[in-house]
Amino acid sequence: MIISLQHCDQCGTCIAVCPADALMLSEFKVIVDHEACTECGICVKMCPIAALEVKNED
Ligand code: SF4
Ligand code: SF4
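Following this note's numbering, the numbering of the sequence shown begins with 115 at its first residue and continues without gaps.
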């Protein structure tokens, strides 16, 4: 999971929809727990401004 933080407005939508609870809002940005993330892609679909992207790096 890659988050383009220059676009993210911290709306919280992706955090609410993540089934793995892998997204968290820190003070100024959304952070991903890469251990927990299953790369299901739901957050990518739900982000209203397309600030999220799935990258397969294995
Ligand atoms: S890809 Fe799925 S598991 Fe990973 S952060 Fe997004 S919603 Fe959560
Ligand atoms: S849904 Fe998109 S804009 Fe909203 S907090 Fe997540 S990455 Fe940021």
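Using N, Cα and C, we set each Cβ at its ideal position, and we do this for glycine too.
Spatial distance of residue i from residue j (CA atoms)
i, j, result
"C161", "D147", "17 Å"
"L137", "K159", "14 Å"
"K143", "C122", "8 Å"
Element boundaries [alpha helix (DSSP H), containing residue i]
i, result
"M115", "Looking at the DSSP string, M115 is not in any alpha helix (DSSP H), and its letter there is neither H nor E."
"T127", "127 to 131"
"K159", "156 to 160"
Residue i, enclosing beta strand (DSSP E) - first and last residue
i, result
"I145", "144 to 146"
Distance cut-off 7 Å: residue i Cβ against heavy atoms of ligand 1
i, result
"T152", "yes"
"V168", "yes"
"C122", "no"
Beta-carbon separation (whole angstroms), residue i vs residue j, contact threshold 8 Å
i, j, result
"A165", "I117", "6 Å"
"M115", "E141", "Actually they are not in contact, since the Cβ atoms of M115 and E141 sit about 20 Å apart, beyond 8 Å."
Those residues which DSSP pairs with residue i across a bridge
i, result
"M138", "I145"
"E167", "I116"
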